Amino acid sequence: MNSKNLQILLVTIGVLFNANAQNVTTYAGKQYLGSGEFNSTSSNLLLEELFSIPMGVCPDNNNRLWVTDQHNVIILNGPYSLIRGGFLGDPNEPGAIGIDNGTATVSRFNMPSGLAINKTTNDVYIVDTDNALIRKGSQFVNTPNGTVFTTIAGNYSFVGDHKDGLVADAYFSSPSDIAINSSGEIYICDFGNEVIRKISSGKVTTIAGQPKTKGDANGIGAKAMFYAPSGIWLENDNSLLIADRNNKKIKRLNLKTNEVTTVISSGLNLPSDVVSVNGLIYIADQYSIKVFDGTTVKIYAGQDAETGYKDGLAKDAIFGDLTLFTYRPADSAFFICDTKNNVIRRLTLQTPPVVDFSANKTSVNVGQTVALVSNCKYTKAYSWSITPNTYSLQANSKLTDKNIFLSFSATGSYTISLEGSNSSDKSLTTKNSYINVSNISNLKPVANFMADITNPTVTQIIRLVDLSENNPTAWNWTISPSTFSYVNSTNNLSRNPEVKFGSLGLYSVSLSLSNSMGTDQISKTNYITVVLASTEDMFSKPVVFYPNPATSQVKVMGIDNITSVELWGMDGKKQNICVDNNVIDLSLVLPGIYYANIVDHVSKIYKAKIVVIH
242 MNSKNLQILL VTIGVLFNAN AQNVTTYAGK QYLGSGEFNS TSSNLLLEEL
292 FSIPMGVCPD NNNRLWVTDQ HNVIILNGPY SLIRGGFLGD PNEPGAIGID
342 NGTATVSRFN MPSGLAINKT TNDVYIVDTD NALIRKGSQF VNTPNGTVFT
392 TIAGNYSFVG DHKDGLVADA YFSSPSDIAI NSSGEIYICD FGNEVIRKIS
442 SGKVTTIAGQ PKTKGDANGI GAKAMFYAPS GIWLENDNSL LIADRNNKKI
492 KRLNLKTNEV TTVISSGLNL PSDVVSVNGL IYIADQYSIK VFDGTTVKIY
542 AGQDAETGYK DGLAKDAIFG DLTLFTYRPA DSAFFICDTK NNVIRRLTLQ
592 TPPVVDFSAN KTSVNVGQTV ALVSNCKYTK AYSWSITPNT YSLQANSKLT
642 DKNIFLSFSA TGSYTISLEG SNSSDKSLTT KNSYINVSNI SNLKPVANFM
692 ADITNPTVTQ IIRLVDLSEN NPTAWNWTIS PSTFSYVNST NNLSRNPEVK
742 FGSLGLYSVS LSLSNSMGTD QISKTNYITV VLASTEDMFS KPVVFYPNPA
792 TSQVKVMGID NITSVELWGM DGKKQNICVD NNVIDLSLVL PGIYYANIVD
842 HVSKIYKAKI VVIH
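Here the sequence shown is numbered in my numbering, starting from 242 and rising by one per residue.
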């Protein structure tokens, strides 16, 4: 392998593994402060590219990323950054800027910013901000000939103007962003004119806002007012989100009625762009990415009032000034123009935690064990709190476990809280007076139990947890068949024994117990299913994919926290899946044989073959 190919391989591996190990990484560009740096070469490795004020980014149909900077249009393709248009040299040199159309570096731009892809043709459309033009790049995207750039709307004007009509007669003023619907209609965020424009059937029209008039008002068409609208995002063909920067708001434009309404009215500083993913709204807000869940605005990544440069976990990362950003579904990640640092940052999508829990019983007796079970989503770490503190943890559970077992030593009402967190956020759920404890005596016991794992491997240890009522004083467990052993100094007479199985298959469990008032017993037939660990594990850690073959979902057991999963078909196509609490959702996957690559929270990789049946 020559040194060039080795360097490419190392860059590719670094990008992949850094993305799995941390939420925010530098995806492309060599960080520096200021502007005006350049490479003078049309092809550079991603992390060796020298951008000068990167402003816009968007993915095309082939999942390549298009980027604009001070005077270039660039495509990020595999490990390379390729100049597709603009001046190949010092952006401050005479002749670096202009309005020239043509192929590749024959063309010229002046602070191009927002980009959008026509999903039908895969052509790229660009707002050439300081030239006040709308440009198009097409043809020869993958060949040495380069991309052909043309002007599709507007007239050059250094100061800008406002005029609707035929595309050849129209005028814009510092257009900042662009979006294209499924029919090829184009929407322009006309920053300098304080309006939203539309290009359709060869004409430019103003559909919201009052030209050259700043303000803050909802309403239909010209009754609406904006103040420095800077970024737009097409939610669907009927709805457009707008980052109304100087009003510190996010607004929505109904594209059927041209009515503008306010979506987010507080919690923002200077929002420059907006993106919606999976029902949540994400905002580039000066130095941070924020998220809106329909009620509350929270910081998703970065710091609200600190600027700088630091990769890492979303909550610890530091950005410079943020401009436009985008979302690429293929790898569930945002790509962000960090203008101050002259780089493109990658932010892995991590939905904020949704925290909830339940108890197997909420009215119990003193001494009776209660199972508190997490029903959280998108949660990686857990912290339980119980008030008052007259309780004892059972079955070796800890307050940082996902599920805990506890008994109470005093009567009364107990308040339970669970804080769940992941790398992007944390959330607290409190249930006041949730567990009510009585002191009932002189009753015979009522047997009940549960296992913390019901589908273990032969290398896993499970806990059998006594949940019986009325304070039993003696316990006797029976497990069949006999291919198992008690471990960790427990036995069949323990209240909460720990068990390890020696053979695959089904196991039945029975519990007999007594106190001074009598006895009781309970049996659960075929309660435990011991399954086979993956033989393709790269790290000899016991990992189970159950059930396999699978129908709608498969559970991954043996990995503490999954950070990413890729599922590939026999045809080499990546499948659309989602993962929550180590469960892989296969509802969108057709029947067949697939290969999974799973990465855990310490960047270890596990592989498995999964058979999907419906």
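Positions of the beta carbon are idealized from the N, C-alpha and C atoms, including for glycine.
Note that the coordinates shown come from a computational prediction; the quantities given were computed from them, not determined experimentally.
Look at the alpha carbon of residue i and the alpha carbon of residue j, and state the distance between them as a whole number of angstroms.
i	j	result
S781	K741	Because the pLDDT at S781 is just 41, under 50, the model does not fix this residue reliably, and the value given afterwards should be weighed accordingly. C-alpha separation (whole angstroms): 18 Å.
A496	S480	The displayed chain sequence assigns Leu, not Ala, to residue 496. Their Cα atoms are separated by approximately 6 Å.
S281	I448	42 Å
G443	D369	19 Å
G520	T536	12 Å
L827	K850	14 Å
V750	Q635	20 Å
V595	A345	48 Å
I854	R376	48 Å
K489	V504	11 Å
L323	N302	17 Å
D457	A394	28 Å
T770	N630	36 Å
V840	L317	25 Å
G508	T610	44 Å
N383	S283	Note that N383 scores a pLDDT of 49, beneath 50, so its modelled location is shaky and nothing firm can be said.
V687	N673	27 Å
F292	L829	39 Å
V706	P832	38 Å
P452	A465	11 Å
I440	N696	58 Å
L329	I315	11 Å
E777	V824	Unreliable positioning characterises E777 in this predicted model, as indicated by a pLDDT of 40, which lies under 50. The coordinate reading is nonetheless provided below. Roughly 19 Å between the two C-alpha positions.
I846	T267	22 Å
G472	Y623	37 Å
P713	K531	52 Å
L250	Y568	Because L250 sits at a pLDDT of 44, beneath the cut-off of 50, its placement in the model cannot be relied upon, and the point is left open.
A420	I427	6 Å
V408	R438	12 Å
L554	S506	28 Å
F350	I429	18 Å
A571	V298	15 Å
Answer with buried or exposed for residue i, where buried requires no fewer than 16 other C-beta atoms within 10 angstroms of its C-beta.
i	result
P385	In this prediction, P385 has a pLDDT of 45, which is less than 50 and means its spatial position is unreliable; what the coordinates show is noted afterwards. Under this definition P385 is an exposed residue.
T454	exposed
M779	Only weak support is given to the placement of M779: the predicted model assigns it a pLDDT of 37, under 50, and the value that follows is read from those uncertain coordinates. So M779 counts as exposed.
Q816	buried
I803	buried
K694	Here residue 694 is Ile; the residue named in the question, Lys, does not match the sequence. Counting Cβ neighbours within 10 Å, I694 comes out exposed, since fewer than 16 surround it.
I461	exposed
P332	buried
S295	Before going further, note that residue 295 is Pro rather than Ser in the sequence given. By the neighbour-count rule (16 or more Cβ atoms within 10 Å), P295 is buried.
V389	buried
S793	exposed
Y835	buried
N313	buried
S650	exposed
N477	exposed
A269	buried
A858	Shown here, the chain extends from 242 to 855; a query on residue 858 therefore has no answer.
What does DSSP give as the partner residues of residue i in its beta bridges?
i	result
C819	D826
D514	A525
D761	L754
M352	None; M352 has no bridge partner.
F467	Paired residue(s): none; F467 is not in a bridge.
G343	F390
Y541	Partner(s): none; Y541 has no beta bridge.
D642	None, per the DSSP bridge assignment.
Y727	V740
Just curious, the beta strand (DSSP E) that residue i is in, first and last residue?
i	result
N582	Note, N582: premise wrong, no beta strand (DSSP E); not H, not E.
I851	846-853
G661	653-662
Y321	321-327
F292	F292 -> no beta strand (DSSP E), and no H or E assigned at all.
E278	Looking at the DSSP string, E278 is not in any beta strand (DSSP E), and its letter there is neither H nor E.
D841	833-841
T267	265-269
Y675	667-679
S805	803-810
N318	313-318
T794	The displayed chain sequence assigns Gln, not Thr, to residue 794. It spans 794-798 - the beta strand (DSSP E) in which Q794 sits, taken as one unbroken run.
V504	500-505
Within the region 366-428, ranges of the beta strand (DSSP E) (whole runs, at least 3 residues): Taking only runs of at least 3 residues, the beta strand (DSSP E) segments lying wholly in the region 366-428 are 374-379, 389-394, 416-421.
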